[in-house]
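Have a look at the structure below before the remarks.
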Amino acid sequence: MANRSYNIAVIPGDGTGPEVVAEGVKVLKAAAAKFGFSINFIDYDFGGERYKRTGELLPDSAIEELKKVDAIYLGAIGHPDVPPGILEKGILLKLRFALDQYINLRPVKLYPGVETPIKDKGPEDIDFVVIRENTQDLYAGMGGVAHFGTPQEVATQTAVYTRFGVDRCLRYAFNYTRKRNKKKTLTLCGKTNVLTYIYGLWERAFHEMGEKEFPDIKREYAHVDATTMWFVKNPEWFDVIVTGNMFGDIITDLGAMIQGGMGIAAGGNINPDPGGVSMFEPIGGSAPKYTGKNVINPLAAICAGQMMLETLGEDEAANAIEQAVMKVTGTKLKSLAAGKMGYSTTEVGDMVARFVAE
Ligand code: IPM
Ligand code: MN
């Protein structure tokens, strides 16, 4: 830890994004003060409001600037007045691709005091991590449309995987499983019975790499449909799951629900390569109907901040934030749902910051 001073780009974004990010920044400042590092926050106003005002989504100059920061902290992108796809593709996906954030890391962990819809399951049962490939698959943008708007309209969108893209994701997943050091089990989630080309590639690459480079890691396989069943029936079976972009998108929303919902679920878009810039976000959306009411749950954003510190190597501070969040869920909040926490957004942020400082 030579230079413990970080430049963090902050993109609060739309809706409740700015409210939850403000609480996250509060907690990050408390952690920095306590653990002796410094953070320089640089604000960017990308999102639906700026797009409506200026027509601009994410200029190339901003991407060049963002390539130089230590990490990006994102609130939420999504605006009720902007048709679906524009902001998502123009800002969020553009950032993931431009910064080559090829890992989407999504822990599914039930904290004490948090209600899960899964009957008879508790924090000892729900604690796994999904590693979602984040730049390929159906998200690669391969395909097109012809005869648009006519009865003959034809549309294709093709899932694309390269061996290189699969291998680098798998290597990260194996290393992560080793470092996590729990059950040392990595489950490949795929669909090898139908998507024989793409998940055939994943499966071969998975076993080849595992056998050669990670003999200490146990390898399991589950079809994606069965995976959703087991998330509900036997979540305790899982340690680390690695999967493609589209399946990962879907199963992590289910994962978020079993860990208590969008109020707590956080994720990291990670470029693990040397000099890579990663981006951390609460995985929920911009929740327009709660905007400006000081009722939204900021814990997901706070947990995203915690993941950011972990990725920057500030493990002690990250751990302190997690402990503080667990104290808040375990001893304070009535519910994780917006408006039902028993506290306001800012009060929740204050409590976490205070517990971090103590
Ligand atoms: C997510 C979101 C995004 C995705 C959307 C907003 C483009 O659902 O981060 O999971 O599909 O990846
Ligand atoms: Mn999603």
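Per my numbering, the very first residue in the sequence shown carries number -8; after that it's consecutive. Virtual Cβ for every residue (Gly too), placed ideally from N, Cα, C. These figures come from a predicted structure and were not determined experimentally.
Exposed unless 16 or more other CB atoms sit within 10 angstroms - verdict on residue i
i: residue 74; result: exposed
i: residue 11; result: buried
i: residue 1; result: buried
i: residue -8; result: Any answer about residue -8 is weak, because its pLDDT of 49 lies below 50 and its placement is not dependable; what the coordinates show is given next. Result: exposed.
i: residue 220; result: exposed
i: residue 133; result: exposed
i: residue 262; result: buried
i: residue 155; result: exposed
i: residue 246; result: buried
i: residue 3; result: buried
i: residue 92; result: buried
i: residue -4; result: exposed
i: residue 188; result: exposed
i: residue 235; result: buried
i: residue 353; result: Because the chain here runs from -8 to 349, residue 353 falls outside it and cannot be looked at.
i: residue 135; result: exposed
Closer than 6 Å: residue i CB and nearest the ligand MN heavy atom
i: residue 5; result: no
Distance cut-off 6 Å: residue i Cβ against heavy atoms of the ligand IPM
i: residue 306; result: no
For residue i: DSSP bridge partner residues
i: residue 0; result: 33 and 63
i: residue 44; result: According to DSSP, which records beta bridges pairwise, residue 44 is partnered with nothing at all.
i: residue 314; result: BP columns for residue 314 are empty, so no partner.
i: residue 214; result: 181
i: residue 96; result: 122 and 259
i: residue 350; result: This structure cannot speak to residue 350, because the chain is shown only from -8 to 349.
i: residue 134; result: 148
i: residue 269; result: 62
i: residue 128; result: 151
i: residue 337; result: BP columns for residue 337 are empty, so no partner.
Under 7 Å between C-beta atoms of residue i and residue j
i: residue 150; j: residue 118; result: no
i: residue 108; j: residue 321; result: no
i: residue 307; j: residue 28; result: no
i: residue 138; j: residue 182; result: no
i: residue 122; j: residue 164; result: yes
i: residue 38; j: residue 68; result: yes
i: residue 96; j: residue 259; result: yes
i: residue 297; j: residue 309; result: yes
i: residue 180; j: residue 218; result: yes
i: residue 343; j: residue 311; result: no
i: residue 7; j: residue 281; result: yes
i: residue 116; j: residue 226; result: yes
i: residue 294; j: residue 328; result: no
i: residue 209; j: residue 175; result: yes
Closer than 5 Å from C-beta to any heavy atom of the ligand IPM: which residues, in chain order?
Residues whose Cβ lies closer than 5 Å to any heavy atom of the ligand IPM, listed in chain order: 79 and 240.
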